Structure formats: C-alpha cells, structure tokens
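Participant: Numbering (our numbering), first residue to last: 6 to 387.
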Amino acid sequence: MDRPHASGSHHVVVLGAGYAGLAAAKRVAHRMLAARRDDVRVTLVNDNDRFVERVRLHQLAAGQHLRDLPLAHLLAGTGIELVVARLTAVDPTAQTVTFDKAPHTINYDTLVYALGSTASVPDYVAPNAFSVATRAEALRLRAHVGSTQPGDPLTVVGGGLTGIETAAELAEAHPGRQITLVTGAQTGSALSERGQRYVRKGLTRLGVRVHEHARVVDVSDSSRLVLANGYEIPAGTVVWAVGFAASPIARNAGLAVDERGRIVVDDSLRSVSHPDVFAAGDAAVLPERNGREPRMCCQTALPSGWRVADSIQAVLAGRDPKPIAPRYVWQNISLGRSDGLTQFVRSDDTPVEVVCGGRLSAYFKEVITQGTITMLRRAARV
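(1) Leaving out five residues before and five after R147 in sequence, what residues of the same chain have Cβ atoms less than 8 Å from its Cβ?
(2) Going by other Cβ atoms of all chains shown within 10 Å of its Cβ, with 16 needed for buried, is P356 buried or exposed?
(3) Report the residue from R332, L260, V313 whose alpha carbon sits nearest the alpha carbon of R32.
(4) Do V258 and A99 have their C-beta atoms within less than 8 Å of each other?
(5) Between the region 309 to 325 and the region 335 to 350, are three or more C-beta pairs nearer than 8 Å?
(6) Hey, how far is the Cα of N234 from the Cα of A250?
(7) Which partner residues of W245 appear in the DSSP bridge assignment?
(8) Smallest Cα separation from L381: which of V57, D44, A138, D287?
(9) Drop a sphere of 10 angstroms on the beta-carbon of G200, count the other beta-carbons inside from all chains shown, and report buried for 16 or more, exposed for fewer.
(10) Since G286 and G121 are thought to touch, with beta carbons under 8 Å apart, how far apart are those beta carbons, to the nearest angstrom?
(11) D223 bridges to which residues according to DSSP?
(12) Figure out for me which residue from T101, E237, R220 has the closest Cα to the Cα of Q191.
(13) When the Cα of T242 is compared with those of L186, V117, G212, which residue comes out closest?
(14) Report yes if the CB atom of V350 is closer than 8 Å to the CB atom of V334, and no otherwise.
(15) So the alpha helix (DSSP H) A25 belongs to, where does it begin and stop?
(16) Is D281 buried or exposed, if buried means 16 or more other CB atoms sit within 10 Å of its CB?
(17) T103 by DSSP, collapsed to three states: which one?
(18) Grab the span of the beta strand (DSSP E) containing A94 for me, first residue to last.
(19) Taking E358 as part of the beta strand (DSSP E), name the residues at either end of that continuous run.
(20) Using only alpha-carbon positions, find the residue among P127, A306, V150, S228 that is nearest to A240.
(21) Looking at the unbroken alpha helix (DSSP H) that takes in E198, where does it start and where does it end?
(22) Starting from the C-beta of D128, find all residues in its chain whose C-beta is less than 8 Å away, skip the five residues before and the five after it, and write them out in chain order.
(23) Please name the residue or residues paired with V60 in a DSSP beta bridge.
(24) Can you find a C-beta in chain C that's less than 8 Å from the C-beta of I238?
(25) Alpha carbon to alpha carbon, what distance is there between W311 and P292?
(26) Skipping 5 residues on each side, what residues in its chain have a beta carbon closer than 7 Å to that of N295?
(27) Straight-line CA distance for K327 to R275?
(28) Could I get the ranges of all uninterrupted beta strand (DSSP E) runs contained in the region 121 to 160, with 3 residues as the minimum, in chain order?
(29) With 16 as the cutoff for other CB atoms within 10 Å, does G106 come out buried or exposed?
(30) Give the range of the alpha helix (DSSP H) segment to which L79 is assigned.
(31) Can you tell me where the alpha helix (DSSP H) with Q304 in it begins and where it stops?
(32) Could you check the C-alpha separation between M6 and H109 for me, to the nearest Å?
(33) How about V137 and T167: do their beta carbons lie closer than 8 Å?
(34) At a cut of 8 Å, does the region 73 to 85 reach the region 357 to 376 through at least three beta carbon pairs?
(35) So who's on the other strand from F283, going by DSSP bridges?
In structure tokens:
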C-alpha cells in the first residue's frame, strides 16, 4: 500500500528516533506550528516504540534498570505521526521509503535520515563477540554474563569511551571477575595526558587489566584473543567496542556516502547528491573543524538534529540554510557509578589539560544524561 501526498501539503519524514532524529522531528513540528504552516506534516519512523538511551547501554549490560521512555509520550501534543516499523529501503528518485509492514510505503517531500550507527564488528570477530551498540545487544551480553561462572574472564576490546565505560561498569557490577581491556592504541587516546592517567587509575582501582598498543587480529573462539604480535590473551566473553558502522540503506539507495556508509552532507547537513535529503547524527559525515571530524556521539547528534530542523525551516521559507559548525565543551566518561572523568576540550573537541574526576564528575555526567532527556522532551523549544 502506498500512502500518497496530501494535496498541497509538504511531507517531512524522519527516519530514526534516536537523539538526532527525535530532536529534528520535534523541532520541525514545533517550528511549523509556530509559523502556522498547517501545510507541513511530520512523520517519525522507528523500529520500536521506545526511545533508547544509548549512552546508558553499558549500564544496561551490567544489570542496571533503565527508565522506560515511550515515544508516544515524548511526542504527545506535537502532531507528529509515529510509524513503528523496520525500514527496508529508500528510493530517492521516487521519494519513497519502504517498511516491513503496513503502511509499507510512504512518500516524502523532505527526508531526514537519522538511523544512527551500530558496532563495527569484523567478520572474524562477529561469531564470538558481543557489543553494547544496541539495546538488544546489551541485553544479550547481560544474559550471557549472568550465565557464566564468576571466575570466567571477560575481555573488552577498544580503548575509546565506549570500551572504557563498559569495562568499568562490568567490573563494578562483577567484583572479583577477571576483566581485561585491550586497545590498539592508548587507553582514552582522545583525552589529554591527565585524562588518560586518571582513566587508567580508575580502571586499575576497579581491577581491570589493561593491554595497550595491542591490536587484535583474531577471535577464533571464546577462549582466546590473538594479537598482531602473536601474543594470546585468555578472553572468555569478548565485548567488541571498536568503531561504529552505519546502516547500508543509504548506500543501497544510491545516496553519496563515505566508506562507513554515512551520508555525505554539506555544511547545512543536506545531502550533496540529493537536495531533498538531510542527514544527522551518526548517519552523517558532518563538516570538519580544523581538520577534525566531529565525534559520533550524543553530544554531536542532538545539536545536529536541531540544525537539520533549522535548515528545513529555512528551505521551506525560501531561504538558504545557514552553515553549522559543531562546538564542544567537554567529554564525560563514567567509571562505574561513583567515579568518572570530565575532560574539558576546545570548541573543536581537542582536549586541554583540565579535567575533573571522582564523585563530582560522576554526578555531573548523571545530570547531563538526565538533562538530555529533558531537552528531548522539549527539544522543539531549544
């Protein structure tokens, strides 16, 4: 069944209800309502009816309970239509999106592609590894760890923020278990030297063993992890936290994408190949600042969703959209529930030698994380 355009209307379809997609949908709807543009309607498409706090999935994997956030509640009063279905294809020529269930196909005039990302797991790792990139994966990891013996080892591969937080959370939840963090570079390589030292100290306090400059070349089974130098580490349960990958849907649709499948956009977040398509969050290759590509994270996704909405508003009003430039203030890393690191950064995300740690940082991150949901509840007005 194909849903046709309403006569004289402009249909904005947003794909994905993560941080970027939800922010974009709510802001577009609010701006159109404020402008009394009743000829513009907004549809939000997501594969489940709940908002997932992705920045807390390491907590979910460690056995903690996350709050229930129905999308219907977050969208109440906005006039946004929610379609809960799995996206299967985008046809930018016909301006349609296709799903696995009714209404099966929807036409759009403007498309916002905000499908986020998943873990980038190599083929040689996939059969024997877990991740915390999605709610389902985090729950699968939690169930698996719960089924193993307390003395069984657990290895987290990846020394970025996801790997650090996952290793710390699991170590705090399972004291006495042998937990190892393996990274091909330094632990927290994007941090300042002070930040890196603090993270290593925090992981050591939790009993996490750290192997730096150790590139993994094989995870042939669940009992061993093979490094490039030939050294083998007893692995047990392997959690892969190295990099992100985008959905193949954009590439399959013929949109201009990079090597990871992210949509290439201009400085207004508009697709360089299809001007009726915008992209935000992890699904977009955002403009560089001082030669640095913006991080794939919530701190990038949320503002990019707002900026996409601003660009769409400008286009619908017959104006050229303004360029966007992501600006950063800090990075927040949890080291369990009572410790953390706040790494202050320049506006282009380069770290400075100013950090805050301990309970204050853990509290600060919790305030920011809860505040993000508050902003999403009222994202239209920010």
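All C-beta atoms, glycine included, are put in the ideal place defined by N, C-alpha and C.
Bear in mind the structure is a predicted one, so any value in this text is a computation, not a measurement.
Facilitator: Reading from the atomic positions:
(1) L65, A66, A67, G68
(2) buried
(3) V313
(4) Looking at the sequence provided, one finds Ala at residue 258 rather than Val. No, these two residues do not count as a Cβ contact at 8 Å.
(5) no
(6) 27 Å
(7) V162
(8) V57
(9) buried
(10) 6 Å
(11) V231
(12) R220
(13) L186
(14) yes
(15) 24 to 39
(16) exposed
(17) strand
(18) 92 to 96
(19) 356 to 362
(20) S228
(21) 198 to 210
(22) none
(23) Note: V60 sits in no beta bridge, so no partner.
(24) No chain C is present in this structure, which holds just one protein chain.
(25) 15 Å
(26) D353
(27) 11 Å
(28) 122 to 124
(29) Note that residue 106 corresponds to Lys in the displayed sequence, not to Gly. Classification of K106: exposed, given that the 10 Å Cβ count is below 16.
(30) 76 to 79
(31) 303 to 321
(32) With a pLDDT of only 40 at M6, under the threshold of 50, the placement of this residue in the model should not be trusted, and no figure is reported.
(33) yes
(34) no
(35) V117, R275
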